[in-house]
Each structure stands twice: as C-alpha cells, then as structure tokens.
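**Q** Residue numbers (the working numbering): 59 to 335.
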Amino acid sequence: MEQGSAREGARPAYAPGVFPHAPAERRIPEGRVPEQARGEQSRTAQSRTEQPRTEHARGEHTHSEPPAPRVVRRHSVRGQILDALRAALVDGELVPGQVYSAPALGARFGVSATPVREAMQRLAVEGAVEVVPNRGFRVSERGPRELAELAEVRALIEVPVMLSLARTVPAHRWSVLRPLAEATVTAAAVGDRAAYAESDRAFHRAVLALSGNEQLVSVADELHRRSQWPLVSSPATRRADLLADAAEHTALLDALIAQDLNVVQSLVREHFTGADG
C-alpha cells in the first residue's frame with residue numbers, strides 16, 4: 059500500500075553521465091533540379107529517361123538518401139529523469155513542502171536543466187509538485203484525508219472488477235501472475251520502497267489488464283501512483299510494514315485462483331485502507 063513515507067536509508071547517488079546526449083542531426087543534402095528541356099518532343103523524351111533527383115514518386119526512396127535523424131534520445135533522457143524523480147518522491151528524498159530548482163537537480167543527475175524542467179512540468183500536471191515562479195518546483199504537501207479519499211476511489215474501481223475476474227478467469231491465467239506478486243515480496247525484504255512501489259503497481263496493472271479495459275487500467279494506475287506519494291511528517295516506513303503489504307498480494311492471488319469472492323473483497327478493501335497497496 060502507499061504508506062506515504064520515506065523508506066529507511068537514502069538511495070545511492072546518481073552518477074553523472076548516466077544519460078547520454080543525442081548526436082547532432084545530420085544535414086540532408088539538397089538535390090539539383092534538372093534543367094527544363096525545350097520543346098514538347100524533348101520534354102516527352104526526357105520524362106521517359108530522367109527522374110528529378112529531389113522529387114521522387116510518393117513513397118519511393120533511393121539508396122543514396124540518408125536515414126532520418128534520430129529524435130528519440132532526448133525524450134529517453136526526459137523519461138529516465140521522470141522515473142528517477144518519481145522514485146525520489148516515493149523514497150522521501152524530495153521532501154514535501156521543499157522547493158527544488160531544475161539546475162540543482164540536473165547537476166545531481168548529471169544532465170542539463172532542460173530534461174529536469176520538462177519532467178517536473180509533467181509531475182506538476184500530475185499534482186506531485188507545484189510550480190514556483192523564478193525558483194523551481196515545490197513538492198506538494200498531502201495529508202491523511204487525501205490518502206483516504208484515494209483509497210476509497212480505488213476500492214470503488216478495483217473491488218467490483220476483481221470480483222468479476224474471480225468468477226471468470228481460469229486458474230492457469232492467475233498463476234502466470236505469481237512472479238509479479240513474488241517481486242513485491244523481494245523488494246519489501248530489502249526495504250527498497252521505490253522498487254516496491256513499482257512492483258506493487260505492476261502487479262495491480264497485470265490483474266486489472268485481464269479485464270481487457272485499457273482505460274480502466276490507465277485510470278487505476280494513475281490513482282495508485284498518486285497514493286504512493288509521501289505524506290507530510292509521516293513516519294519512516296518499516297520493512298515489516300512492506301512485507302505485510304506484499305504478503306497481501308500473494309494472498310489475493312490465492313483467493314482469485316480459488317474463486318473465493320468473500321476473501322477477495324475483504325483483502326482488496328484491507329489492502330487499500332490498511333496501508334497503501
């Protein structure tokens with residue numbers, strides 16, 4: 059469950075240069091337009107034997123044409139920074155109420171301020187941080203009431219879906235999800251809150267994906283992510299709490315395989331309200 063607190067111990071520092079920068083774009087050379095032939099007969103003959111070097115038939119390519127420039131590397135850097143910032147939020151390394159500047163965070167991750175600023179803008183849209191003009195981004199301060207409201211909404215969505223799936227999904231399809239449930243136990247055993255948060259969401263996504271409703275999976279995952287952000291002045295999460303939370307995943311999987319609807323319903327509700335899974 060999303061306990062909303064920092065795990066014990068700081069995460070290792072990010073080494074500079076981890077995220078490579080994209081190479082400069084190659085310049086595509088401009089072709090030459092052939093000189094127009096004179097006379098109708100010459101034009102006809104030329105059209106049969108020559109093709110303009112820069113104007114190809116639609117969808118046609120020549121071997122000499124250079125490949126299109128790669129433009130995904132910068133987005134990859136931003137995605138990695140976004141993942142790193144989300145992990146820092148879950149771990150409590152980014153403290154609620156504190157303001158962080160993009161240049162300072164960029165120096166920490168070994169990248170420029172631009173991808174950090176773009177990732178922070180995304181977190182601002184999600185509500186994890188607030189934009190502070192001319193200063194940076196303030197980590198949002200959340201209280202127990204918001205966490206309780208998120209748990210209530212998640213229960214309204216996931217409980218009926220899981221009950222429906224318990225009635226219809228055969229046991230062998232649930233068994234495929236066993237490694238995902240065990241991954242939460244592994245992360246909890248070492249007290250890695252960020253890894254636990256990711257494996258926790260992966261398990262829930264896989265369960266809900268059996269419904270075949272991609273929109274439901276997306277909405278539920280966003281609510282789940284928000285419930286993992288730390289609360290203001292929340293106590294440090296104990297490893298025992300993470301292990302207890304992870305054990306509920308395996309118990310839920312056993313109940314789904316057995317089609318025990320009463321246990322499924324009680325486990326899911328307790329999972330949301332008892333902690334933050």
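Glycine is no exception: its CB is placed at the ideal position from the N, C-alpha and C atoms.
#1: I'd like the list of long-range same chain contacts for leucine 319, defined as Cβ closer than 8 Å, with 5 residues on each side in sequence excluded.
#2: Of all the beta strand (DSSP E) runs that stay within the bounds of the stretch 140-199, which reach a length of 3 or more residues?
#3: Among residues of its own chain, excluding the 5 on either side of leucine 152, which ones have a beta-carbon nearer than 6 Å to its beta-carbon?
#4: Just to confirm, is the Cβ distance from alanine 186 to phenylalanine 167 under 8 Å?
#5: Grab the span of the alpha helix (DSSP H) containing arginine 259 for me, first residue to last.
#6: Does DSSP put asparagine 271 in a helix, a strand or coil?
#7: To the nearest whole angstrom, what separates the beta carbons of alanine 246 and aspartate 312, a pair I think is in contact under 8 Å?
#8: Between valine 217 and glutamine 323, is the Cβ-Cβ spacing less than 8 Å?
#9: Under the rule that 16 or more other beta-carbon atoms within 10 Å means buried, what is arginine 144, buried or exposed?
#10: Can you tell which of Ser134, Gln317, Val326 has the C-alpha that lies nearest to the C-alpha of tryptophan 232?
#11: Rounded to whole angstroms, what's the CA-CA distance from valine 326 to valine 248? Just pull it up for me.
#12: Under three-state DSSP, which class holds arginine 296?
#13: Please list, in chain order, all residues of the same chain as arginine 193 whose beta carbon is under 8 Å from its beta carbon, the five residues on each side excluded.
#14: Reducing DSSP to helix, strand and coil, say where glutamine 138 ends up.
#15: Decide if glutamate 280 is buried, meaning its Cβ has at least 16 other Cβ atoms within 10 Å, or exposed.
#16: If you draw a straight line from the C-alpha of arginine 380 to the C-alpha of leucine 140, how long is it?
#17: Do you know offhand how far valine 321's Cα is from threonine 308's?
#18: If you check the beta carbons only, do arginine 136 and proline 173 fall under 8 Å apart?
**A** Answer, in terms of the structure:
#1: Leu221, Ala224, Arg225.
#2: Secondary structure in the stretch 140-199: the beta strand (DSSP E) runs of 3 residues or longer, each lying completely within the stretch, are 187-190, 194-197 in chain order.
#3: The beta carbon of leucine 152 sits closer than 6 Å to the beta carbons of Ala146, Val197 from its chain, once the five residues preceding and following it are set aside; these are given in chain order.
#4: With contacts defined by Cβ atoms closer than 8 Å, alanine 186 and phenylalanine 167 do not form a contacting pair.
#5: Where arginine 259 is concerned, the enclosing alpha helix (DSSP H) stretches over 251-267.
#6: Note: asparagine 271 maps to coil in three-state DSSP.
#7: Going by Cβ atoms, the distance from alanine 246 to aspartate 312 rounds to 18 Å, so no, they are not a contact pair.
#8: Result yes, Cβ atoms of valine 217 and glutamine 323 sit closer than 8 Å.
#9: So arginine 144 counts as buried.
#10: Among Ser134, Gln317, Val326, the Cα nearest to that of tryptophan 232 is on Gln317.
#11: Approximately 24 Å, taken between the alpha carbons.
#12: Assignment of arginine 296 by DSSP, reduced to helix, strand and coil, places it in the coil class.
#13: Contacts found: Val157, Ser159.
#14: DSSP places glutamine 138 in helix when its eight states are reduced to three.
#15: It counts as exposed.
#16: Residue 380 cannot be examined here, being either before or after the span of the chain that is shown, 59 to 335.
#17: Distance between the alpha carbons of valine 321 and threonine 308 is about 12 Å.
#18: It is a contact, given that the beta carbons lie within the stated cut-off.
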